[in-house]
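Residue numbers for the sequence shown follow my numbering, so the first one is 160 and each next one is one higher.
Taking it in order: structure first as structure tokens, then the write-up.
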Amino acid sequence: MRRASRPRIILISNVDSPYVRGDVSILEDVGDTQLILYDGRKRLPDLLRSLPRADLVVDWFALGYATTSVLVARALHIPIVVIAGGWDVVAAPELGYGALLSPGRLNKTRIALRLANRVICVSEATREAVLRIVSRSLSVIPPGIDVSFFRPSGLERRAQVVCVAGVDNVVRYRVKGVDVLLRVASLNPEIPIYLVGPNTSEWERFLVENAPPNVHVLGALSRDELRGLFAGSRAYMQLSAYESFCVSLGEAMASGCVPVVSDRGALPEVVGNAGLVVPYGDVDGTSHAIREALGRADLQGAARDRVVERFSLDRRRESLQTVVRGLL
């Protein structure tokens, strides 16, 4: 028998990431929330045992486990929400990127997106990708940025640029635009560039050996270290070939970094008029934009204001809880 006091919510994801954990915390305010980390078919029995006890199911990413849970939940008359995160609903063969490159994936993804009670997209760019798969009503709820943690420090900023882009394979190297970043850096030897992110040992060695001297490969940083780096830097750049949102960009903007981004995916909609947008792969144009960004102190406040107004954690909490409560 289900509890009458607090609803039972199951959140399913194949990754244990800060944004998934953040949504668990948000959902805990509504009901008792169980996180199922679906790391392969071996978790299918756990999933099938848990679903009948739920009052609501949330799937992060429209992957195979979402198709299974949508079919089971609908058969049991349990409301279900699917969050389209970006990679799961795209196919970019020129990059070797996207879940929909896998044979047979499209039909499974279409089932999950069509039968879910609600589909949430992390950006307008992701919404457009979903509409290429299925025609239905969609909600856009961006990831939440902790603007109380990521904020300007009041200390003097150095004329340096930060980029967060961990690399573990050649696809990610290209998708995150690290190849473009290295070319841009070589044209601007006087500008320190700090490349942050968890790399495999092989790729970290590659980056260290192939980056020009002004690129500092820092590897993974703690949250506190990243906050300090953002707050002490004038600019942030993300030159990706595709981004469904880019939380690191939002965190840097909340910290007062002036953003320079490529015109791909959701990057322009995150930046808006609070930064500089350049054509993807335009090394000369990007070099000019970075030099401009380092001197645009007037955009520091605008960058933070945009994130506070549009992408704060409080806004995600309010929007996600409204969707969930409307289904319970």
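Yeah, the Cβ is synthetic: ideal placement off N, Cα and C, and Gly gets one too.
Residue i versus residue j - alpha carbon distance
i: R208; j: E410; result: 38 Å
i: V278; j: A243; result: 7 Å
i: L486; j: I449; result: 46 Å
i: M160; j: L274; result: Note that M160 scores a pLDDT of 44, beneath 50, so its modelled location is shaky; the value from the coordinates is reported in the next line. Distance between the alpha carbons of M160 and L274: 26 Å.
i: Y197; j: L170; result: 10 Å
i: L388; j: V321; result: 8 Å
i: A344; j: G444; result: 13 Å
i: Q521; j: A433; result: For the chain, the structure presents residues 160 to 487; residue 521 sits outside this window and is missing.
i: S228; j: R386; result: 37 Å
i: G356; j: V323; result: 5 Å
i: R233; j: V442; result: 50 Å
i: G431; j: P204; result: 45 Å
i: N328; j: L290; result: 29 Å
i: V293; j: L254; result: 23 Å
i: H447; j: E315; result: 23 Å
i: L340; j: V467; result: 28 Å
i: P262; j: A250; result: 11 Å
beta-carbon residue i near the ligand SAH non-hydrogen atom, thresh 7 Å
i: G199; result: This structure does not include the ligand SAH; it has no bound ligands of any sort.
Three-state class that DSSP yields for residue i in the structure shown
i: D383; result: helix
i: R393; result: strand
i: T124; result: For the chain, the structure presents residues 160 to 487; residue 124 sits outside this window and is missing.
i: P166; result: coil
i: V417; result: strand
i: Y256; result: strand
i: A225; result: helix
i: Y353; result: strand
i: S209; result: helix
i: I304; result: strand
i: V249; result: coil
i: S494; result: Nothing about residue 494 can be reported from this structure: the residues present for the chain run from 160 to 487 only.
i: V323; result: strand
i: A318; result: strand
i: S345; result: helix
i: S524; result: There is simply no residue 524 to check, as the chain begins at 160 and stops at 487 in what is shown.
i: S504; result: Missing from the structure shown is residue 504; the chain here goes from 160 to 487 and no further.
i: P204; result: helix
i: R310; result: coil
i: Y400; result: Looking at the sequence shown, residue 400 is not Tyr but Ala. A400: coil per DSSP, three-state reduction.
Neighbourhood of residue i by C-beta, 6 Å cutoff - its chain only, sequence neighbours within 5 removed
i: A101; result: In this structure the chain extends from 160 to 487, so residue 101 is not present and cannot be described.
i: F470; result: P301, I304, G409
i: V231; result: L210
i: Q319; result: P351, S392
CA nearest to the CA of residue i, picked from the options
i: V483; options: I171, V217, S176, S172; result: V217
i: R200; options: I185, V329, R180, S172; result: S172
i: Y439; options: R476, G415, V466, M396; result: M396
i: L380; options: G325, V174, E368, S345; result: G325
i: S307; options: T481, L479, Q480, L472; result: L472
i: G336; options: G223, R423, G431; result: R423
i: K267; options: L297, Y224, V231; result: Y224
i: P252; options: V467, G190, A400, E468; result: A400
i: N358; options: R331, R382, D338; result: R331
Element boundaries [beta strand (DSSP E), containing residue i]
i: G378; result: 374–378
i: W219; result: 215–219
i: R277; result: 277–280
i: I242; result: 239–243
i: L140; result: An answer regarding residue 140 cannot be provided, because it is not within the stretch 160 to 487 covered by the chain.
For residue i, the first and last residue of its enclosing alpha helix (DSSP H)
i: Y178; result: 177–187
i: K460; result: Here residue 460 is Gly; the residue named in the question, Lys, does not match the sequence. First-last of the alpha helix (DSSP H) with G460: 457–469.
i: Y332; result: 329–334
Cut-off 8 Å between Cβ atoms - residues of its own chain near residue i, not counting five sequence neighbours on either side
i: R317; result: P351, G391, S392, R393
i: W246; result: F220, Y256, G257, A258, S403
i: E146; result: No information on residue 146 is available, as it lies outside the stretch 160 to 487 that the chain covers here.
i: N373; result: A344, N347, P348, E349, I350, P351, I352
i: P166; result: V189, G190, D191, D214, L215, L487
Cβ-based neighbour list, residue i, same chain, cut-off 7 Å, excluding 5 preceding and 5 following
i: E363; result: V376, G378
i: D188; result: Q480
i: L222; result: N173, D247, A258
Minimum Cβ-Cβ distance from residue i to chain D less than 8 Å
i: T268; result: Looking for chain D here will not work: only one protein chain is present.
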